[in-house]
Structure formats: C-alpha cells, structure tokens
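For reference, the structure discussed in these notes is given below.
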Amino acid sequence: MKIRILGNGGFYNEGLPYNAIAIDGHVLIETPPDILQSLNHSDMRPSQIDTVFISHIHGDHCFGFPFFFFNWLYAGEADSHYEKGSMLAIIGPAGLREHLLALLRLAIPPKHQYIRDFSERAKLVEVDEGDIIAVKGNIWFSFMHTKHSLPTLSLIAGATAGPPPSPERALKEALFAYSSDTAMFEGIHTLLESGAKLILCDTNGEKESDVHMSPAQLIAAARVHGLAGNSGRLLLGTHMSRRILSQENLRFAQDGEEFSVI
0 MKIRILGNGG FYNEGLPYNA IAIDGHVLIE TPPDILQSLN HSDMRPSQID TVFISHIHGD
60 HCFGFPFFFF NWLYAGEADS HYEKGSMLAI IGPAGLREHL LALLRLAIPP KHQYIRDFSE
120 RAKLVEVDEG DIIAVKGNIW FSFMHTKHSL PTLSLIAGAT AGPPPSPERA LKEALFAYSS
180 DTAMFEGIHT LLESGAKLIL CDTNGEKESD VHMSPAQLIA AARVHGLAGN SGRLLLGTHM
240 SRRILSQENL RFAQDGEEFS VI
C-alpha cells in the first residue's frame, strides 16, 4: 500500500495545502478547497480516482468536492468518466450525501447536468464506527469516531486478497490509520495500539484544547506506545497550522511525500 501526502494543512494555517491523502494512486482521502491543485502538484489527475473518503463536513475537508467531481466526470476525451459511464464511490459519515448535494447546487446553477449526474454516477456509502467495507484494489476500510465538534470518522485501512477482516481483527491487521480532526481522547491510544505501520494524526492545535490535538499531546501519547523513536512504525503529525519538519521525536507529514507500508 502506497500513501501519498497531497496536503498537510488544517483549517487555520499559514498557507499550507489543505490536508489530503492518496492511497495507491486511486483512493482519495478528503476533498479540500485546493484538491485540484494538490493532485496536480503530485502529477495526479482526478480521473485516476475511483474512491473518495471524506471524514466530516467541515469546509477544509469537503469544499473542493464540486470542482473535483466536475473534473472527474468530464475532463479529457480519453479520461472522461461521463463517456465511460463510470461510478465514483464516496464514503463518509451519515448526512454526507445531502451535504455534498448542497455544495454542488451552490457551486453552479442548480439545474446543471452534473448535479443530475451525481445521483447516477456517485455511489454514496454512509458509514459508522466499526463498519468494515471493501474498496477497489483489495483495500478495506474501517472507521472510528473522533472527538470533534460534529460527527467525524478516523480511517483504518488494510489490504487483503480475500474478504475484509472482522471488526475484532481490523485494528491488528491495519496498515494505515488516519485520525482526521480530533482533540486528544482515548481513541487516539486505540489507533496508536493498532498494527498500522503508518499513522497520521491531527496536530492543528498549538496548545491543549477541546478542538484539535496539539503536537505536545501527540508526543506524550507516542511515548506511551513506544512510537517516539525508531520502532519500525511511523507516526506523523498532520493537519498543521504551519510548516514544521520535526519537534522532539515527532515528524510531521510534508506534501509530496510517499510511503510504502506492507
């Protein structure tokens, strides 16, 4: 499984590309306002994507969806999913469908063809904590609630040639985990205890708060789980307010980086 960092900035940030990630070149995590630019900077095209995960409906995670979907659907004669009749899988929390439809109607006149196409070409899967679903490319996803101001899901991902694991085994068999927006809570320890070889955690808070985890809080949790040094597993802070390379023993994800986890 290859994880590429497309962006690493949070809602409050000093000019960083917004948080977004690609898995194996065809799965997109988050559609922030600048998602088209972030894909382009990584030499990726919207047409490569067959699956999108959106963790929650705050603007820095989904306001780019209308532009992504328009370009995914229509761009390029050879790549046009409109001509191919392709379906786009979209995964996220309850209420995501109606929220994305509202964004589509705000982005362009509400009678535009692509709004009708959304109903025909987008397969919405609204999920909850503990659900396990199969994704194209022998990937599976599981989900965990975070501590945030509205329903938000962390993502736990793995790969298998057979059926996805049971909920009881998903954390142990995970290759990758992404906390999305969260304050520090017990679930972060659950992610850090998982088998994931790469873990990305929100660090948009400059200090302890009930909105975002701070780097200091994540560093303290990493020490508890032996992830503060070279453990063969990599913990990265992301969703940052400013560009930071490292702080104590914690590294921060940088846009353009790619990681292989097996």
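Going by numbering that gives the first Met the number 0, the sequence shown opens with residue 0, and the numbers climb by one from there.
C-beta atoms are modelled at their ideal positions from N, C-alpha and C, and glycine is treated no differently.
This structure is a prediction, so every number in the text was calculated from the model and none was measured.
Span of the alpha helix (DSSP H) holding residue i?
i: residue 189; result: 185-192
i: residue 37; result: 34-40
i: residue 115; result: 112-120
i: residue 57; result: No alpha helix (DSSP H) holds residue 57; DSSP gives it neither H nor E.
i: residue 5; result: Where residue 5 is concerned, there is no enclosing alpha helix (DSSP H), although the beta strand (DSSP E) it sits in stretches over 1-6.
Output needed for residue i: all residues of its chain with C-beta closer than 6 Å, excluding positions within five of it in sequence on either side, in chain order.
i: residue 89; result: 51, 121 and 123
i: residue 246; result: 214
i: residue 10; result: 59
i: residue 259; result: 1
i: residue 180; result: 147, 151 and 201
Helix, strand or coil: which one does DSSP assign to residue i?
i: residue 171; result: helix
i: residue 244; result: coil
i: residue 83; result: helix
i: residue 97; result: helix
i: residue 141; result: strand
i: residue 15; result: coil
i: residue 215; result: helix
i: residue 133; result: strand
i: residue 62; result: coil
i: residue 106; result: helix
i: residue 348; result: No statement about residue 348 is possible, as the shown extent of the chain runs from 0 to 261 and does not include it.
i: residue 10; result: coil
Taking only the alpha-carbon atoms, compute the straight-line gap between residue i and residue j and give it to the nearest angstrom.
i: residue 79; j: residue 47; result: 11 Å
i: residue 150; j: residue 84; result: 32 Å
i: residue 177; j: residue 73; result: 30 Å
i: residue 153; j: residue 140; result: 10 Å
i: residue 14; j: residue 8; result: 8 Å
i: residue 169; j: residue 0; result: 16 Å
i: residue 26; j: residue 49; result: 6 Å
i: residue 250; j: residue 188; result: 18 Å
i: residue 211; j: residue 225; result: 22 Å
i: residue 131; j: residue 172; result: 12 Å
i: residue 38; j: residue 75; result: 16 Å
i: residue 23; j: residue 3; result: 8 Å
i: residue 56; j: residue 160; result: 32 Å
i: residue 129; j: residue 156; result: 12 Å
i: residue 231; j: residue 175; result: 13 Å
i: residue 206; j: residue 217; result: 11 Å
i: residue 95; j: residue 31; result: 14 Å
i: residue 110; j: residue 64; result: 18 Å
i: residue 243; j: residue 237; result: 10 Å
i: residue 125; j: residue 91; result: 5 Å
i: residue 196; j: residue 234; result: 8 Å
i: residue 143; j: residue 164; result: 15 Å
To which residues does DSSP link residue i through a beta bridge?
i: residue 223; result: According to DSSP, residue 223 bridges with nothing at all.
i: residue 268; result: Since the first residue shown for the chain is 0 and the last is 261, residue 268 is missing from the structure and cannot be characterised.
i: residue 123; result: 89
i: residue 157; result: 139
i: residue 27; result: 21 and 51
i: residue 262; result: The structure shown does not extend to residue 262, since the chain spans only 0 to 261, so no value can be given for it.
Output the boundary residues of the beta strand (DSSP E) element that contains residue i.
i: residue 52; result: 50-52
i: residue 149; result: Neither: residue 149 is in no beta strand (DSSP E) and is coded neither H nor E.
i: residue 258; result: 257-259
Between which residues of its own chain and residue i is the CB-CB distance below 8 Å, once the five residues before and five after are set aside?
i: residue 117; result: 68, 99, 100 and 103
i: residue 12; result: 203, 239, 240 and 241
i: residue 71; result: 45, 46, 48, 80 and 87
i: residue 18; result: 6, 7, 8, 9, 29, 31, 59, 60, 237 and 238
i: residue 257; result: 1, 2, 3 and 4
For residue i, which residues in the same chain have their Cβ closer than 7 Å to its Cβ, ignoring the five residues on either side in sequence?
i: residue 184; result: 146
i: residue 114; result: 103 and 104
i: residue 137; result: 158, 159 and 160
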